[in-house]
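Chains as they are written, first to last, in this note's numbering: chain A, 1345 to 1845; chain B, 7 to 455; chain C, 21 to 145.
Idealized CB from N, CA, C, for every residue including glycine.
As the structure is a computational prediction, the values presented were derived from the model and not from experiment.
All remarks here apply to the structure that follows.
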Amino acid sequence: MAEANTLSGNRGLMVEEPLIFEMGSPGRFGIDLPEPPPLDLDRLGGCRRAGPVGLPDLSEPQVVRHYTRLSQKNYGIDTGFYPLGSCTMKHNPRLSEKMARLPGLADLHPLQPQATVQGALEVIDSLADWLKGLTGMPAVAMTPAAGAHGEWCGLMAIRACLEDRGQGHRRRVLVPESAHGTNPASAALCGFTVDPIPAKADGRVDLAALKAKLGPDVACLMLTNPNTCGLFETEILDIAQAVHEAGAFFYCDGANFNAIVGRVRVADLGIDAMHINLHKTFSTPHGGGGPGAGPTVLSAELAPFAPLPFVVHGPQGFTLVEHAADTPESKPFGRVKGFHGQFGVFVRALAYIMSMGADGLRQASTDAVLNANYLLARLKDDLSPSFAGPCMHECLFDDSFLKDSGVTTLDFAKALIDEGFHPMTMYFPLVVHGALLMEPTETESRETLDQFVAVVRGLAAKARDGQAEEFKQAPRFTPRRRLDETLAARTPVLRWKPPAG
Amino acid sequence: MRYLPHTESDRRAMLDAIGAPDAESLFVDVPAAARLSQPLDLPRGEGEMAVERAFSRLAMKNLSAGCAPFFIGAGLYRHHVPAAVDQLLLRGEFLTAYTPYQPELSQGTLQVLFEFQTQVAALTGMEVANASMYDGATACAEAVLMAARVTKRPRAILSGGLHPHWRSTTETALRYTGLEADLLAPDPLGIEDLMGRIDSRTACIVVQNPGFFGGIRDLRPLAAACRQAGALLVVAVADPVGLGLMEAPGAMGADIVVAEGQSLGIGLSFGGPGLGLFATREKFVRQMPGRLAGQTVDADGRRGFVLTLSTREQHIRREKATSNICTNSGLCALAFSIHLSLLGESGLARLAQLNHAAAVALEQRLRGVKGVRVLAPSYFNEFAVHLGEDVDAAQVVDTLAARGILAGVPASRFYPDYPELAPVLILAATETNTGADMDALANALAEVL
Amino acid sequence: MSDVRFTKDHEWIRVEGDLGTVGITDYAQHQLGDIVFVDLPEPGRDLAQGGEAAVVESVKAASEVYTPVAGTVTENNDALADQPALVNQSPEDGAWFFRLRLADPAQLAGLMDRAAYDEYVKGLE
């Protein structure tokens, strides 16, 4: 790329930016703070800092420019189409941001006297009511901070319930091979062992194989539905029945709840517990990796074991129950995090839900499924679909369309980057070779989908035409080209260090 | 619906392309018995104005911290967040990006995380830090699980000065893992004997500094005792602003430092989301939970950043992963980083001094109030006071709240089963408190006590 | 010429007297791709036949290495800590993982010889 060389190393809008530690000059301030009063005698118990922290001093304009430039090296939903399967990258409404910033909601301390935060407790209670209404479940634990945290919360409730019944020996958890990695990891944290269950050729759980695995030591089944292949588990009612007849619970990974909101109630599927990723289904921003929230709906049997704290609504208004002694009728398994849950995420999710309403949410699920099926239909001849349609909110392809082309799924994804699209999820689920999982979401227009289809078809044609070398070079137009992950892992450099000398 | 682009004619055309008669037919895999034929009987969607009105009404039912003399801390602190922080957070390329799985499209997030890790490591005096966890309490639980992996020992000793939410979160996390938590009684005076409890089964001691009741302890003797016994010292920090003035836990011998990062950049937000900071020694890095950004080069040899050492994580290691965490608290880490960048070395030191000075000023004012006794001899920006033998601090707080003063947290809110803690009130002072706030508190306390 | 034997999990063991040296095969390193980290058993550890002995990691995968036979670890290959790439370069030679004192040499009889292993690998491709 010699022709792209410039004196500065910059390339127009792509501006090179040093690390913040390589900038700065001692004595600059980005914030004006008053001179502290002299401290003749501190109360630090002899633990005053001996040396500097090692932070650069910068002014506000330098800091603003630094982060603005860094932001320009990122791709967000605001930038363009982001069909990252299993991640639900849809438009994040700005009203939700505005509501979360109202001082009467943002500037509240969780330990204020409850009489001074009735509105905040009402937010939690209202959102809980919506989640219960949309799932048909009688209870919801609001405090889990993310999807994986919600999984763990649900499994902890199951474990606590089993112990309470004198069935603590039930330690085996059945998990499909196509599951998110969080499922087995969460199970392990509850002292469970993980036993994989196979899928059938149509991408769904093999009911007969599942039944064969059930037994008196099984605690629960963990199943994602719609599953990670983007398919609804057609035999889910029989699955639930078999699991329950074996005395086990049915945990559902609710990562894909966005496909079915308003079209199916979780309670009608025989599910005992399911976490809901508010940051996916209810459109709160992913923020480059969090924060999310993972409230977990629970059946009547599991509800008494929900963790502390929780909000109850009585004649005196809303009360936050913080201690087991204050709730003698229940047996909370403990506490999952500090304070009362991801409140800022709750406000955003509730603002989205109120904006959409029951009618809008149903339409959103419908459009999400429509968009995925549209992609599947328009790409099925050029790519290789793993399963016949209809799919739910995402469509899955394997890499057989790239066979003998010299182009891998990874190369294909990188070529999409040069075309201005965020790639789909690659190499997940593991049950499909070279997987390409596309989740368009309901907030994408037909025009965007058509542009994407045209590009994907074009790239598939290029791959067939033996232009593998071009794929290997991609991406070429990004601030950085392919990065050496082997080097990063072999010789980890995990922080900046001041140059020697 | 304003978030949904399709017109009815779009939908019709797309269904035709699919070859489906109607949208219902796409849901054919859902068992008929469970299919809903119409929207649930819940409220219908609303326009922006109606939703704004509803939230404004909810907001009005709260007394926001900025509207009152405010002295609440106990694990979450009210600091001034510079305007630039929020403006930058709202940049869509940060706000609406996913986890940086495609590094070529995520150099912004990845460089931010690399800088964040460096800042956290510097602040805590440790060698490496991860890209953040959910909050301080969950980071604490992860630290104990990690200590057990490193030492292959089953027991964690949790100081009575550790935040009660961090204690119970950790205790809950250990509950079915076969590991044990030795929970010491709440320790407002900082007199518990931790060293005497260390034995060959001890994986770690977890101690918060400054403690939940405000007291500061020199960690060096404890660190030496842990080292000698082959146990790890886990140090918890509730307000990292204090590290601008106090010795870093790493410099005092900590093996793992966990902290709540909310103080910088994030705001109160009724306690969530928070930001879990997690730092440790380089030699333990492969036992660390959570995401890590690392430096590397691209195909043209230029410096760039990627997520690295992922084989520790759930998406690869599944049930053998170091944690089930699948995210970090990315946007909160960004907020923390921007705030700390605006402060810099000089600004952080000054902010910490202002906080300490505010607490000293508050202590001095309260010493003039009859019946009030300050419990710990040392503190940073928070300390516990005893209001008198028969005084119920919770009642005092409620009375003062009715007068528009948010006067700290009664210890009984966390420890209802300890009658001796009923008169104990935990008060925090930061750069946001004015002398007038302190007078208002002191005068009100003098009246009600 | 010492005797080298192979497992179905792609470990090899070279036996000299009652000491065995264990590593992973060339086929295994090919499957794993660029090796970035190797976790080795400490000397003194007792391993049961087929038990987890080491972990070998590439960027996107981690695999357990099982001991072909039971024994007590006497030594591990320090060089791999700094240079995991050796596993890619000389898997069946310089990049040995650990040595162990065999508990039951009779277990060797159940392992494949070179010819049988080559045949086995051919069947996998």
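| Item | Value |
| --- | --- |
| Buried or exposed (CB count within 10 angstroms, at least 16 for buried), L55/B | The sequence as given places Met at residue 55/B; Leu does not occur at that position. Exposed is the call here. |
| Proximity winner among P1400/A, D1726/A, Q1462/A, relative to Q1660/A (alpha-carbon distances) | Q1462/A |
| Cα-Cα separation, A19/B to T1792/A | 15 Å |
| Chain A contact for Q214/B (CB, 9 Å cutoff) | no |
| Bounding residues of the alpha helix (DSSP H) (the contiguous stretch that carries Y86/C) | Note, Y86/C: premise wrong, no alpha helix (DSSP H); beta strand (DSSP E) at 82-86. |
| The beta strand (DSSP E) enclosing Q214/B, as first and last residue numbers | 208-214 |
| Between the CA atoms of V76/C and Q49/C - distance to the nearest angstrom | 9 Å |
| Secondary structure of R119/C, DSSP reduced to three states | strand |
| Any C-beta of chain B under 9 Å from that of K1544/A | no |
| Interface flag, S31/B vs chain C, CB-CB below 9 Å | no |
| is_contact[V79/C, chain A] using C-beta, thresh 9 Å | yes |
| Per DSSP, cross-strand counterpart(s) of T41/C | R34/C, R119/C |
| Nearest-angstrom Cα separation, counted from L1714/A out to R17/B | 8 Å |
| Contact under 9 Å by Cβ, L1475/A with V1608/A | no |
| Where E1521/A meets chain C, residues with beta-carbon distance less than 8 Å | Within 8 Å Cβ-Cβ: nothing; E1521/A doesn't reach chain C, min ~16 Å. |
| G1638/A and G1491/A closer than 9 Å at C-beta | yes |
| Interface partners of A82/C on chain B, CB under 9 Å | T317, R318, I322, R323, K326 |
| Proximity of V1837/A and Q214/B at Cβ, strictly below 9 Å | no |
| Interface residues of chain A facing G300/B [CB-CB closer than 8 Å] | A1832, A1833, P1836, V1837, L1838 |
| Nearest neighbour of G1512/A, chosen from W172/B, R181/B, H169/B, T175/B [CA to CA] | R181/B |
| Pick from A123/C, D102/C, D133/C, N97/C that is closest to W116/C, judged by C-alpha positions | N97/C |
| Residues sharing a beta bridge with Q301/B, DSSP | F311/B |
| Listed by chain order, chain B residues near Y1411/A by CB distance under 7 Å | L94, I344 |
| Minimum C-alpha distance to F1505/A - residue among P1427/A, F1649/A, C1391/A | Looking at the sequence shown, residue 1505/A is not Phe but Cys. The shortest Cα separation from C1505/A among P1427/A, F1649/A, C1391/A belongs to F1649/A. |
| F117/C at chain A interface by Cβ criterion, 9 Å | no |
| Cutoff 8 Å; reference A1472/A; Cβ partners in own chain excluding five residues on either side | V1484, M1486, P1639, V1655 |
| Beta-carbon contacts of D1550/A that lie in its chain and below 8 Å, excluding the five residues immediately before and after | I1541, P1542, A1543, K1544 |
| Sequence-distant residues of the same chain with beta carbon closer than 7 Å to M7/B, five excluded per side | G51 |
| For Y1595/A, three-class secondary structure by DSSP | strand |
| Inter-residue Cα distance where the pair is I1580/A and A1712/A | 21 Å |
| Within 9 Å, strictly: CB atoms of G1429/A and L1780/A | yes |
| Neighbour list for E1829/A in chain C, Cβ cutoff strictly below 9 Å | D54, V56, V79, K80 |
| Any chain B beta carbon closer than 9 Å to M1345/A | Unreliable positioning characterises M1345/A in this predicted model, as indicated by a pLDDT of 45, which lies under 50. The coordinate reading is nonetheless provided below. So yes, M1345/A belongs to the interface. |
| Top-ranked residue by Cα proximity to A187/B, from G377/B, L46/B, I197/B, V212/B | V212/B |
| Enclosing beta strand (DSSP E) for P433/B [first to last residue] | Looking at the sequence provided, one finds Leu at residue 433/B rather than Pro. Counting along the chain, the beta strand (DSSP E) containing L433/B begins and ends at 430-434. |
| Option in E266/B, I322/B, P255/B, V312/B with minimal Cα separation from A1394/A | P255/B |
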